[in-house]
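Residues in the sequence shown are numbered consecutively from 1, following mature numbering (1 follows the signal peptide of the UniProt record, and there is no 0).
C-beta atoms are modelled at their ideal positions from N, C-alpha and C, and glycine is treated no differently.
Read the structure below first, then the notes.
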Amino acid sequence: APCPFARNGGEPPNDEVHSKGNLRGRRRLVDLNNAQVKTALDNIIENRRDQHRRLQTACLSEDAYYAIEEDIRVASETLFADFELTTEVDVDPSRRVVELANVTIADASNIGKAHFFGGIVRLAAHDFMDYDPNDASGGSQMGQDGCIDWEHPANAGLPGLWCDDCALTEIYNVYAGEPYFLSRADFWVAAANAVMHITSPEGEKLDLASTFRFGRVDAETCEGSALRLPESGSCSEVERVFPRMGLSWTDATALLGAHSLGRGDAKFSGHHGIWANSEAESLVFDKRYYEEILRRAWIPRNLDDDSIPQDWTWGGAGNDEDDAIATRADGGGDIVLNLSPRFMLNTDFSQSPCQTYEAGSERDEAAQAVVRFADPRSAVDITGPFSNNNQPFFDAFAVAWEKATTNGWTNLSTLSEACVPDASPSQSPSANPTKNPSAKPSFPPTNEPSLGPSSSPTNHSSSPPSAKPVSAPPSTNPQRTNPTNEPTNVPTAEPSRTLTLAPVSSGDCKDWPSTFAVDGKGDKDCQWVGTQDGTFVGPDSKKCKKAEFHQKCPETCNMPCGCVPKNEACSANEDCCSGNCRDGGKKAGTCGNELFG
Ligand code: HEM
1 APCPFARNGG EPPNDEVHSK GNLRGRRRLV DLNNAQVKTA LDNIIENRRD QHRRLQTACL
61 SEDAYYAIEE DIRVASETLF ADFELTTEVD VDPSRRVVEL ANVTIADASN IGKAHFFGGI
121 VRLAAHDFMD YDPNDASGGS QMGQDGCIDW EHPANAGLPG LWCDDCALTE IYNVYAGEPY
181 FLSRADFWVA AANAVMHITS PEGEKLDLAS TFRFGRVDAE TCEGSALRLP ESGSCSEVER
241 VFPRMGLSWT DATALLGAHS LGRGDAKFSG HHGIWANSEA ESLVFDKRYY EEILRRAWIP
301 RNLDDDSIPQ DWTWGGAGND EDDAIATRAD GGGDIVLNLS PRFMLNTDFS QSPCQTYEAG
361 SERDEAAQAV VRFADPRSAV DITGPFSNNN QPFFDAFAVA WEKATTNGWT NLSTLSEACV
421 PDASPSQSPS ANPTKNPSAK PSFPPTNEPS LGPSSSPTNH SSSPPSAKPV SAPPSTNPQR
481 TNPTNEPTNV PTAEPSRTLT LAPVSSGDCK DWPSTFAVDG KGDKDCQWVG TQDGTFVGPD
541 SKKCKKAEFH QKCPETCNMP CGCVPKNEAC SANEDCCSGN CRDGGKKAGT CGNELFG
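The structure is reproduced here in structure tokens:
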């Protein structure tokens, strides 16, 4: 074939002459605009890639996949082992002590463990939520490519999970080299799958092995990635990001159920607390997130403080308290003793019936999915009680997760039952890590409950790994799909809800008005329960004073209409929607005052 570097008729250049004066180099530079030359260079690069692919393991076995899970389980148990509290604790008098009697040491340990598990799932999600098939301005369409912007505040907390001496990174180093050559992107998905398998309820384990795919190639840069991630401020962020990823409202709603796991941290996002109802529950991947959305009388939090992002909480005990810090008398360090406040983000609420928009709007699909995933036992009272069946949620999650984690890739490979040793050359490419795969990482036991993503920089480096292992491209030659104009919201068949929606609009907040069962008078809406002029003042309402209402569903926007059920004494520190109401030391029966006053 004619030599692309030759000027005269494609004759091969005289190597001796060229090499002496370094003419070959210069000639190449001169000819870079030549299409023929470009093609030749592309071929050379492509050949190099092929070479790498041949060196890559063509196979990832189920054993290896589950070995990752086992490593993560062992790491979590070692890092966050429950510890015995053998000595007295001195509670810091400057901090309020909350429900001290209810807090166990296991809770303190669970905080760290849930954050470790939650952080792993969040890491995978932050990698895939930057996918945009129509925008390759950052170098690619992004998506699950092992690349996130570590410096950006949107990813705050994650560098404490993925750093040179972080447990998760150490586990990865085992699988980054021979014979696995797993990319970071593949590993983050496998690790998140492992977490969901470990933390889902016994007897209902969510095993995503059958939909797991490997072969993604890592990107080393992804400029602008963090700007593509959703912010927590409003429902429209869900609309900005998820349809772009080819996901439906049902998919988005299912993915957000991952918030049943882990926590928000004032240090990182500014949103502090857990979505679940207890530290122990925040360690479980299940449908509680949807139950919580439906069953609580959510009220806005941090409206008056610009330095803290606004979100939602409810009137449960500990939800508005400071942390209580106990110092171990034996010098073992501080222990956070409070139950974390329960919270929801504005974006979480976009999935809730409480913010259903116009009847027939796309968002209604999300509202209905929330009800379906929560699986209330009664079709009329969707605020509970709920079944123990996680299947509707898990089924939808598996579909959405597969789409989200494979977006933009084709020809990814599935796990094999077993891998046959490959006869192909075994020498690994120089770019690949060479760590001995049989050397399992070890995690020193610790008594501190605060390790993990929330730990201080003294325990974990605050920056991502300086020399991130780079994987060879996979043998299956996966490719990025071409930009497509995928349909934005895929309609899904939904069961119909029995309650009638009559949205009330109030600025950005559109509420689904509560209905109240009024003894002997049928259902009444919040407007009726409020004062005559429509100002909603809860217990000050003339009608509320009769205290003969049963609240059917929570108000979330700006209509704090929560009445005390007839003859119900406020004995428990619970919210109105659970049938009881907060006491908080005040007179029984002042639920509305306590919640909304
Ligand atoms: C609208 C989209 C989303 C928003 C606005 C959002 C926002 C947040 C925020 C503010 C936090 C707290 C972070 C911190 O302070 O440490 C968080 C944590 C978390 N997110 Fe999301 N998220 C979204 C989607 C997702 C998705 C799709 C997943 C997974 C499928 C996910 C999984 C998690 C998990 C597991 C945590 C707990 C992390 C931990 O315990 O460290 N999120 N998210």
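Distance from the CA atom of Q141 to the CA atom of A400, rounded to whole angstroms, is 19 Å. Contact between the region 364-378 and the region 265-284 is not established, with fewer than three Cβ pairs separated by less than 8 Å. In terms of side-chain proximity, the C-beta atom of D381 is found no nearer than 7 Å to any non-hydrogen atom of the ligand HEM.
By alpha-carbon distance to N319, the top candidate from V284, G257, V370, E279 is E279. In the three-state reduction of the DSSP assignment, F268 falls in the coil class, being assigned neither a helical nor a strand state. By the neighbour-count definition (other C-beta atoms within 10 Å, threshold 16), N389 is an exposed residue. Within the same chain, G138, G139 come within 7 Å of E223 by CB-CB distance, once the 5 residues on both sides are set aside. DSSP, reduced to helix, strand and coil, places T414 within a strand of the structure shown.
For V189, the CB stays at least 7 Å from every heavy atom of the ligand HEM.
A distance criterion of 7 Å places the beta-carbon of V371 beyond contact range of the ligand HEM, judged by its closest non-hydrogen atom. Just so you know, the alpha carbons of F393 and R296 end up roughly 20 Å apart. Per DSSP, the continuous beta strand (DSSP E) segment holding D311 begins and ends at 311-313.
The C-beta distance from Q310 to R216 rounds to 36 Å, too long to meet the 8 Å contact threshold. Around the beta carbon of Q391, fewer than 16 other beta carbons lie within 10 angstroms, which makes this residue exposed. Distance check between A114 and each of I198, I171, Y175, A124 places I198 closest, using alpha-carbon atoms only.
When rounded, the separation of the alpha-carbon atoms in E417 and V238 is 38 Å.
Contact annotation, G262 with G119: C-beta distance approximately 7 Å; criterion of less than 8 Å satisfied. Contact check between the region 282-291 and the region 145-164: fewer than three CB pairs, one atom from each, fall below 8 Å, which does not count as touching.
Inclusion of S61 and C419 in the CB contact set at 8 Å is warranted, their separation being smaller than that value. With a contact defined as Cβ atoms closer than 8 Å, I171 and I308 miss out at about 35 Å. Per the DSSP secondary-structure output, S236 pairs with nothing in a beta bridge. Every unbroken stretch of the alpha helix (DSSP H) spanning 4 or more residues and falling wholly within the region 282-313 is given here in chain order: 288-295.
Under the Cβ criterion (8 Å, minimum of three pairs), the region 158-173 does not count as touching the region 239-257. Contact check for I293 and T313: beta-carbon distance about 13 Å, past the 8 Å limit, so the pair fails to qualify.
Secondary structure of R228 (DSSP, three-state): helix. When secondary structure is reduced to three states using DSSP, G160 falls in the helix class. With a cutoff of 7 Å, L255 counts as near the ligand HEM, since its C-beta is closer than that to a heavy atom of the ligand. In the pairwise beta carbon analysis, the region 225-235 is classified as touching the region 119-136: at least three pairs are separated by under 8 Å. With fewer than 16 neighbouring CB atoms inside 10 Å of its own CB, V380 falls in the exposed class. Counting of Cβ neighbours within 10 angstroms places P243 among the buried residues, the total reaching 16 or more. At a cut-off of 7 Å, the beta-carbon of E202 does not count as near the ligand HEM: no heavy atom of the ligand is closer than that.
The beta carbon of A219 sits closer than 7 Å to those of G139, S140, D145, G146, C147, all from its chain and outside the five residues before and after it, given in chain order.
In this structure, A125 keeps its C-beta atom at 8 Å or more from the C-beta atom of F268. Excluding its 5 nearest sequence neighbours in each direction, S340 has C-beta neighbours in its own chain below 8 Å: I111, R263, H272, G273, I274, E279, S282, G318, listed in chain order.
Here the C-alpha atom of Y175 lies approximately 16 Å from the C-alpha atom of C163.
Looking at the backbone, the Cα of W150 and that of W188 are separated by about 15 Å.
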